[in-house]
Structure formats: structure tokens, C-alpha cells
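Worksheet: one structure, shown below.
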Amino acid sequence: MTAAPILSVREAARHYRSGDSIVKALDGVSLDVNAGELVAILGPSGSGKSTLLLIAGLLEPPTEGEVRIRGTLVSKAGEELGRLRDFRRRNIGFVFQKANLIPFLTASENVALAMEIDDVPARDARRHAERLLAGLGLGHRAGNRPTKLSGGEQQRVAIARALANDPTLILADEPTAALDGARGRQVIALFRQIADTRGAGIVVVTHDPRSLDLFDRTIELTDGRVIGERSGPVRIPAR
Amino acid sequence: MNLAFKDVKFNFPRFLLTMAGVGFLIMASTGMVGLYRGIVEDALLVVDRIGADLWVVQGGRAGPFSESSAVPADMDRRVEGIAGVSSVRRFVQVSQQFDFEGRDLRASITGLDFPKDRGEWVQLQEGRYLNAGHFEAIADESIGLALGDQVRLGQDDYRIVGMTRGMVDASGDGLMFVTVNDAMAIARRRTSEEVLLARAAAGKTAAADASESSVPQDSKIAAVLVTLDKGADEDRVRTNVLSWGDANILSRADQRDLLLNQRLWRLRLQILAFTGVLLVVMAIVISLIIYMLTMEKLHQIAMLKLIGARNGVIVTMIAQQSFLIGGGALVLGLAMSKLVFPFFPRRVVIDPSDFAGLALAVGAVCTFASLLGIWRALKIRAQEVLS
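Keeping their order, the protein sequence lines are chains A and B. Be aware that the first sequence starts at 1, since it is given in UniProt numbering, and climbs by one per residue. Be aware that the second sequence starts at 1, since it is given in UniProt numbering, and climbs by one per residue.
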């Protein structure tokens, strides 16, 4: 018997009313992400990538369809998702284009906060945060506030925060958009490593083609529909 | 991890400035209430401290504070004869402007019925009470005189033998205590021309007026202060005095009521109205500051929600910061009030119960502002972190 996918989105649609017309931000998208898998969602602006991520991250309910995490139905059409805050905290980690770190907390406090919110004792949380940061090459920056960190370092702190509660699913929305090519690749490489070593399923929304070789699978969206899916690393043509 | 304290520590200068701003508002409110209390205390100072049970004043008048009052200087003898009266003292109070070493000074000259009253009810800061029947004075330091100064009042020089602090009349003039006879002499001060004009107006010549006073107020006092025997029937004394027809009699409570609800009521109402306005302004400003602080954090609050923070974490952060600002501002406001108000020309009384009331009001405002911020924060959706 095969294990259930970490994330399973079935026929998810998201429709918005705009005046007299209905905008279909997402139109019947299905997606499975397995443990240890790194999946890229590609597509132009307005193709529904971020909407898919919001639905998969239990931040918005789908207008149609359902979302299962590790086989458990957690979100379906029209459902109120406020009750899923604890579930989200324990099962899903988020990373965004901007690191969104709390400016008055140090790097380690930003990471520890996610654990303290989950009732981990402060000292243990801080120790684990420092371990995570050290694992991401930021051990020497643990005591620095975000303003003292570079963009790449901030993004790595955000990844450490996403990992803090050891989630099975990590969702990242354009995490490399604010970084240069080398730093962007470092971040995707980090996701690759996390998927391989922790067995987490990771979905990365991106329109940066430079690191696609690191992904297990790429899914392309246009106008809210899946128009292409490719398994295996994408070979980047030599320049 | 205490997010509120971490934020305060990170933005400490800004929080300090915010606290100082709110602190100044609290100081202003404390000052307004304190000014009101000060005016009331000043007005009642003599009535409360002089220790008279009853005041015999001019008939048909409610003197000597709310209206002028003039009774014959020997009325004390008449009052003394009434059954139940333990002791009597004559009372005179007159506002006086005078020159001292090139400075124009003001004082409220208050007569003590020496030797029965040497001023023992007055709290001295330095010096002594009156020892002689003439030409000695106890002055409040607000007048601008010092111990040992010689000051010319009327036609005579008076030596300051004692100093008081914070003893002023209802209009804020410092009290200067002399004997009743001296006070009457100072009140009689007239230029020669004034005396002649007054005589002419009365249709008399100087020769024809050998025994009678030329000015109606001459040889008159403002009131007779009555101390009753223990267990004496106050109503009987009152009826007795009223039966004379030329005198009115007021209790201490009557005097307090006249001062507060007749003479000072407009001023009190004015100050209370200003205090009310100031409290409303303070409430609006504090609410706005705390609300704006919350608004600035909406993105962070959305992030907290995204990483799964319970509402309690967000509510605690907003409420703690709100009360930190309110509490800090209260301490700062009180400290500044204590530091600054003693230099104000009129007494500002910082009454603990008033300040406690103000603290409660600030607490209520902080609660309201927190609720406003919390209401806004709880409306934030986690996905707004993407915006």
C-alpha cells in the first residue's frame, strides 16, 4: 500500500466576482505532492500560482474542490478555515518573496517564536532555532536583527522559521524573486536539501527558470489551469 | 517571549517620546484638576484653619468673603455676652498693594486679635508668632518678602517676624498677618486729599467732625469670630445675634458653601469644563496613538497569524503595549507634575485620589484603545502578509 501524498489538491477552483462578471483565478486544478518531493509551479502573472498556494496552505477555501493533507480532508468548498490555525502551524511552513521577519526580534528569536507559539518552552525553542540557523549556515548571525542581515540571509532565516515546527509540507511563493541569481539558487538548493534530508514535500511558486534543474517536477499554470507537467529535473541550456 | 517588551526595547526612543507626549497630556490634566483643588483649598484656607464655629457679620450680608462686611469694632463685646459663647475674636481682611524696594507687591492683610490670637493656627516655616501689639507681621513667602524685612504699610513700618508657605486668599494673594488694630490702621490709609473729599461729600467740615469718623469704614471690622462652649446650643446663639437686626451670623459650613457655590462657582465650573475638554483630548490622542501603533504592525500581525499564533498572542501584545504606554505616561506625567507645578504662581494640589481617578481614566482609555486595535488586528487575515 502506497503512502498518501503529503498534499493532495483535487479539482480546486477559485472564482471571484468582479462587478457582473466572474473571474476564475483557479479553474479545476489538481496536484499531488509526495514526501521528499520538490515541485515547482510555473506560470505568468495572474495564472493562479499564488491562489493555488493559498488554497493548498489552508489560507483560503476553494470555491470548488478539496484539499487533503496526508490523506486527511482539511479544506473544501466554502469552509471556514480559522479553526485550522493550529493544524496549519504544525503541518505547513511558509516562505515568501519577502522574508517577513519580525523586525524587533533577532534571527534566532524569529525562528524560536514559531515554536514558542506552539508551546515549546522558550529555552528549548531558542536552542533548536540556533541549531536550525547553524544548519543553514547562519549560526554566526543568530543574534542579529533582520536589518543587519542581507536579503539572502533574511530569506534563509525565513526558511529556518518555516522549518521550526518540522512541518511535512513547505509552501514557498516566489522565494528567490528578491535575490540575485547565485543567492536564488542557494535558496532552491536549500529546499532540495530539506526535501531530501527531512522528507518534507515542498511546493515552490516561481517564474525564475534558472534553478529548475533542482526540482523533481514542474507544473505550468496559465489562466488558472494546468497546461503542462514535467517530471524529472529540467536541463538548463548552457549559455 | 514577550513581544510587547521586545518591540518597546527595539523602538525605545520612539516609545519614550510617545510616552512623554501622553505624559505631558496627563500632566496638563493633573494640572487642571490640581489648579481647581488649589483654588478651593486657598479659598477655604482661612475658614478651615482659623477655628471659628460661627462668624458674626454685617446684617443682611453674607461676608466677609463672598460680600463685603463691616461691623462695629466693639461688636465682639456684644457677642461675648451671649450664653454659650466661649470666646470671640475680631477679624479684618483687606487687600493691599504696596511698594517694597522698588517692587510692587500685593498682600491680603489679615488681622489677628492680639493678644488672644498670636497666629498659633498659622503654620510657620520660619520665624515666630506675633509678640507685640503693633508693627509686627507674619508674611507668606509668595508675597516676596523675607524674614526681617521692614515694609511700609499705611503710615507705619512693619517688621516681618514669621514666614508661612502656601497661605493665600481666594484670589491667590499671599496672606500677611498683623494685629487687628494694625490691620484697621492699614485699611484706614487715605491721602489727605481723600480725607478732605470724603468730609466734603458728607457735608461736614473738619472742625465739625471732631469725634466722628470721616470715612464710613473707619473703626469697623469685617466680622467677629465665635468659638462656642462645648455642648452650647448653636441655634440659640444664632437667634440671639439675628434678633439684634444689625448683624448676620454664619456657620463654618455656611462660609464654605458661600465661597464654593457663590463666589467661586463660575471659576470652578470653568476649570472643570476645561478639565473635561482636556480629558476628552487626552482620551482621543491616547486612543489614536495606540490604534496607529497597531495599524503599523498589521503586516507583522498577519505574519504571526500565518505562523499560527493564537489570538491570545496578538491580543496580549497590543494590550501590553497599550498599558505600557499608559502606565509609563502616568509615571512620567506625575513626575513632571511634581517637578514643574511648584514653580507655578498658583497652588496646584496633586491629590492622590484625583490622580488615582486620572489613572483609572487612563486605564479605561488604554482598554478602549486596545480593544479598538485588537478589533482591527483580529480582522486581519493571515494571507494579507502577501500584500
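For every residue, glycine included, the Cβ atom is placed at its ideal position computed from N, Cα and C.
For a cut-off of 8 angstroms, the C-beta gap from L105 (chain B) to R118 (chain B) is around 24 angstroms, too long to register as a contact. Taking a Cβ-Cβ cut-off of 7 angstroms, the neighbours of F94 (chain A) in chain B comprise L306, given in sequence order.
Every unbroken stretch of the alpha helix (DSSP H) spanning 4 or more residues and falling wholly within the region 67–132 of chain B is given here in chain order: 75–80. For the region 16–61 of chain A, the continuous alpha helix (DSSP H) assignments of 4+ residues that do not extend past its boundaries occur at 49–56, in sequence order. Counting along the chain, the unbroken alpha helix (DSSP H) around W265 (chain B) starts and ends at W265 to E296. Burial state of H128 (chain A) is buried, judged by a 10 Å Cβ sphere holding 16 or more other Cβ atoms. Proximity of D208 (chain A) to chain B, defined by a Cβ-Cβ separation below 9 angstroms, is not satisfied. As the crow flies, the alpha-carbon of F91 (chain B) is around 18 angstroms from that of L258 (chain B). At a Cβ-Cβ threshold of 9 angstroms, I6 (chain A) and G139 (chain A) do not count as neighbours. Close CB contacts of R376 (chain B) within its chain, under the 8 angstroms cut and outside five residues either way in sequence, are with Y291, T294, M295 and L298 (chain order). The DSSP-derived three-state label of I143 (chain B) is helix. The residues G333, M336 and S337, in chain order, have a CB closer than 6 angstroms to that of M27 (chain B) in the same chain once the five nearest residues on each side in sequence are set aside. In the structure shown, the three-state DSSP call for L259 (chain B) is helix. At a cut-off of 9 angstroms between beta carbons, L54 (chain A) contacts chain B. At a C-beta separation below 8 angstroms, A112 (chain A) has these neighbours in chain B: M1. Relative to the Cα of T367 (chain B), the nearest Cα in the group B:P345, B:G327 and B:A356 belongs to B:G327.
The Cβ atoms of D173 (chain A) and L372 (chain B) lie no closer than 9 angstroms to each other. Within its own chain, the residues whose Cβ lies closer than 7 angstroms to the Cβ of G31 (chain B), once the five positions on either side in sequence are excluded, are S337, F341 and V348, listed in chain order. Here the alpha carbon of F98 (chain B) sits roughly 39 angstroms from the alpha carbon of R238 (chain B). Per DSSP, the continuous beta strand (DSSP E) segment holding T179 (chain B) begins and ends at L175 to T179. Annotation for I188 (chain A): the continuous alpha helix (DSSP H) segment containing it runs G181 to R198. Here W55 (chain B) is bridged, per DSSP, to B:L225 and B:L250. When C-beta atoms of the region 64–82 of chain A are compared with those of the region 105–113 of chain A, fewer than three pairs fall below 8 angstroms, so the two segments do not count as touching. In the DSSP assignment, Q150 (chain B) is bridged to B:R159.
For the pair R78 (chain B) and W244 (chain B), the CB atoms are nearer than the 9 angstroms cut-off.
If you check the CB distance, A12 (chain A) and L31 (chain A) come in under 9 angstroms.
Counted as a single uninterrupted DSSP element, the alpha helix (DSSP H) harbouring R131 (chain A) occupies residues A122 to G135. Under the Cβ distance rule, L133 (chain A) does not count among the residues neighbouring chain B, no pair being separated by less than 9 angstroms. At a cut-off of 9 angstroms between beta-carbon atoms, K379 (chain B) makes no contact with chain A. The three-state reading of DSSP puts F94 (chain A) in strand, counting E and B together. Three or more beta-carbon pairs separated by less than 8 angstroms link the region 51–63 of chain B to the region 221–236 of chain B, which places the two stretches in contact. In this structure, the beta-carbon distance from I92 (chain A) to T206 (chain A) does not fall below 9 angstroms.
DSSP places L163 (chain A) in the helix class (H, G or I) of the three-state scheme. Exclusion of the five residues before and after A382 (chain B) leaves A302, K305 and L306 as the residues of its chain whose Cβ lies within less than 7 angstroms of its Cβ. Per DSSP, the continuous alpha helix (DSSP H) segment holding G23 (chain B) begins and ends at F12 to R49.
Collapsing the DSSP output to three states places I186 (chain B) in a helix.
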